[in-house]
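This report concerns only the one structure given below.
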Amino acid sequence: MVSQSEIVRPSCNFSPSLWGDFFDSFDWDQKAAEFYLQEIKELKNKIRCMLVDTSIDVSKKVELIDTLERLSISYHFETEIEEQLNQIFINSTLDQSNLYIVALQFRIFRQHGFNISSDVFNKFKDGNGEFIEALTSDVKGVLSLYEAAYLRKHGDDILEEALTFTKYHLIKMLPNLSPSLQKQVSHSLDQTIHRGWQRTEARFNISIYENDETKNDSLLRLAKLDYNLLQMLHKQELHEIRRWWKNLDLSKFTYPRDRVIEGYYASLGMYFEPQYSLARIMATKTLVMTSVIDDTFDAYGTIEELKLFTDAIQRWNIEEIDRLPGYLKTVYGTLINLHQEYEQELEKQGRSYVVEHARARWKELIQCYFKEATWFNKGYMPQFDEYMENALITTVCFLLIPALLLGVGSATRETYDFLINNPRIVTAMAKISRVIDDVATYKVEKERGQVATGIDCYMKQYGASKEEAFEKLHEMAEDAWKDLNEELLKKSIPNEVAIRALNQARLMDIFYKHDQDGYTNPEKVLKPQIISLLVDPIDL
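Residues in the sequence shown are numbered from 1 upward in steps of one, following the working numbering.
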């Protein structure tokens, strides 16, 4: 029998956590919290009156809703916003000649599930079917159209044309803009509204709004107070999660990536609102476990050990633990115990049945991880279609959706029954995740000796060059975004649930920005955002 010391294991040499014990201590400032809460309550009442004021011009009302969303305070007024948009959609009297307003209303309506037609942009074309060149003098209008184009679905050819038109002209006009507009356009070209997380974008938008001559002081004040109050809550949650992690034997392992902070940041992007505190904590713990197990399969376990682990997961019984080698006993036991904790917690809500859906997804995920490990062990390169069938599951998306909804009360048994059949909304999210991940991690995976990468499998099946494969995968991501946008308009599941699928797709756009693996190497991609969101409060 080969001893553990004689086993030659792969080594990925992941960088250590950036954060050390930075988030391990936290003191809740009750006095500050009470101060924030009292003033927030007063400001909310004032802004609520503005929202329902019938004397305000319709275009100004849409701008107000957009501002609330950009400042990440719209969650306080969800009912009022939906009522106002319903009224505006039915009785629209907006200025149809103003590109900025037309594009803004289009984006806002589609973001809220109203299936407004892209034909509203035909009036901005000339007799040759091209966008009117004079539009380029309206920077706000061109920028608004650019943002609207990202809500396109299949068949929205005019929005495809709009994206090309606006992107070209925004880049061209950038050097000649005022500093404020230059800042906004540069940011938008890097991170569009539709594909960004509302909370991570809030700080940038607050800084822009603060320098806006037309700003409303009540909105600005509420945004700052709300930002700081939620930051306190989020720090407290992260402190709890860090304590949970440090108490696990798993935290002593040296081979997996220590990305607890980044995992919490991802959960925060899924739902930042205070009522989702339990959901965030559960989701972070699940994300941490997927990360450890992914690294176990990719960077540490032997094929024999992984087979034992895969079989044990299929049985999902703590008695199976004795069949496993020492380190996998720890991984297995932690996963089993975690789901027992979930079950006990959700029993209080009468929703413990949802944990069974998560278990089923874990079993599926581990089987697919093992298939990938087998391919790697044998040096087998599948056809791209075979690769994708397995790889969509190893994105973890099919597991994350039920996991993200564990702490969301509106996710009923019917919701889970719908999701278990891999509806198009979830499949689209998984496709986005898969191809963006494959492009961003290709170089590292090749250096690690991986044969069956998505890029290589595509090249094999279609006889394509590496450059053509990269381009095709980017196209697949854009097509999947159109699928997702279409599904969001169908409203087949509660919006509270559907928005998690959208936010999961957004996660990939953020974590793998500019084809970089921001999760594995968070220094450049994620660190600044985490500091902004979880470390530094806004000056009041």
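We put the beta carbon where it would ideally sit given N, CA and C, even for glycine.
Shown here for Phe272: same chain residues with a beta carbon closer than 6 Å to its own, the five before and five after excluded, namely Arg199 in chain order. Your pair Gln450 and Phe370 does not check out as a contact, with CB atoms roughly 15 Å apart and the cut at 8 Å.
The Cβ atoms of Ile132 and Asp126 sit closer than 7 Å to each other. Annotation: the continuous alpha helix (DSSP H) that includes Pro522 extends over Pro522 to Val525. A direct Cα-to-Cα measurement between Leu306 and Tyr380 gives close to 18 Å. In the three-state reduction of the DSSP assignment, Phe14 falls in the coil class. For the 7 Å CB-CB criterion, Tyr332 and Leu324 form a contact.
The C-alpha of Gly129 is placed about 33 Å away from the C-alpha of Met429. The three-state reading of DSSP puts Lys125 in strand, counting E and B together. Residues of the same chain with a CB within less than 6 Å of the CB of Gln314, apart from the 5 flanking positions on each side, are Lys363 in chain order. Here Phe114 carries a coil assignment [DSSP, helix/strand/coil]. Only exposed fits Trp28, as fewer than 16 other CB atoms lie within 10 angstroms of its CB. Around the C-beta of Asn485, 16 or more other C-beta atoms lie within 10 Å, and the residue is accordingly described as buried. The Cβ atoms of Leu64 and Asn205 do not sit closer than 7 Å to each other. A direct Cα-Cα distance of roughly 6 Å separates Thr330 from Leu250. The three-state reading of DSSP puts Phe106 in helix, counting H, G and I together. In the structure shown, Phe35 falls within a helical segment according to DSSP collapsed to helix, strand and coil.
In its chain, beyond the 5 residues on either side, Arg152, Lys153 and His154 have a beta carbon closer than 7 Å to the beta carbon of Lys482. Phe384 carries a helical assignment under DSSP once its states are collapsed to helix, strand and coil. In summary, Gln84 is buried, with 16 or more beta-carbon neighbours lying within 10 Å of its beta-carbon over all protein chains present. Pairing Ser118 with Asp156 gives a Cβ-Cβ distance under 7 Å. When C-beta atoms of the segment 380 to 390 are compared with those of the segment 450 to 459, three or more pairs fall below 8 Å, so the two segments count as touching. Within the segment 195 to 231, the complete alpha helix (DSSP H) segments at least 4 residues long are 198 to 210, listed from N- to C-terminus.
DSSP places Phe89 within a helical segment (H, G or I) once states are collapsed to three. In the three-state scheme derived from DSSP, where H, G and I count as helix and E and B as strand, Phe22 is classed as coil. Assigned with DSSP and collapsed to three states, Phe253 falls in coil, not helix or strand. If you ignore the 5 residues before and after Gly407, its C-beta comes within less than 7 Å of the C-beta of Tyr276, Leu278, Ala279 and Met282, all in its own chain and listed in chain order. The three-state reading of DSSP puts Phe272 in coil, since its state is none of H, G, I, E or B.
The C-beta of Ser291 has 16 or more other C-beta atoms within 10 Å across all chains shown, which makes the residue buried. No Cβ-Cβ contact shorter than 7 Å links Glu343 with Ile425. Shown here for Leu405: same chain residues with a beta carbon closer than 6 Å to its own, the five before and five after excluded, namely Ala411 in chain order. Not a single unbroken stretch of the beta strand (DSSP E) spanning 3 or more residues falls wholly within the segment 452 to 517. The beta carbons of Arg361 and Thr395 sit about 12 Å from each other, so the pair does not count as a contact at 8 Å.
The segment 34 to 50 and the segment 226 to 246 touch, with no fewer than 3 CB-CB distances between them shorter than 8 Å.
With a cut-off of 8 Å on Cβ pairs, the segment 486 to 503 is not in contact with the segment 234 to 250, counting fewer than three such pairs. Shown here for Gly263: same chain residues with a beta carbon closer than 6 Å to its own, the five before and five after excluded, namely Thr284, Leu287 and Val288 in chain order.
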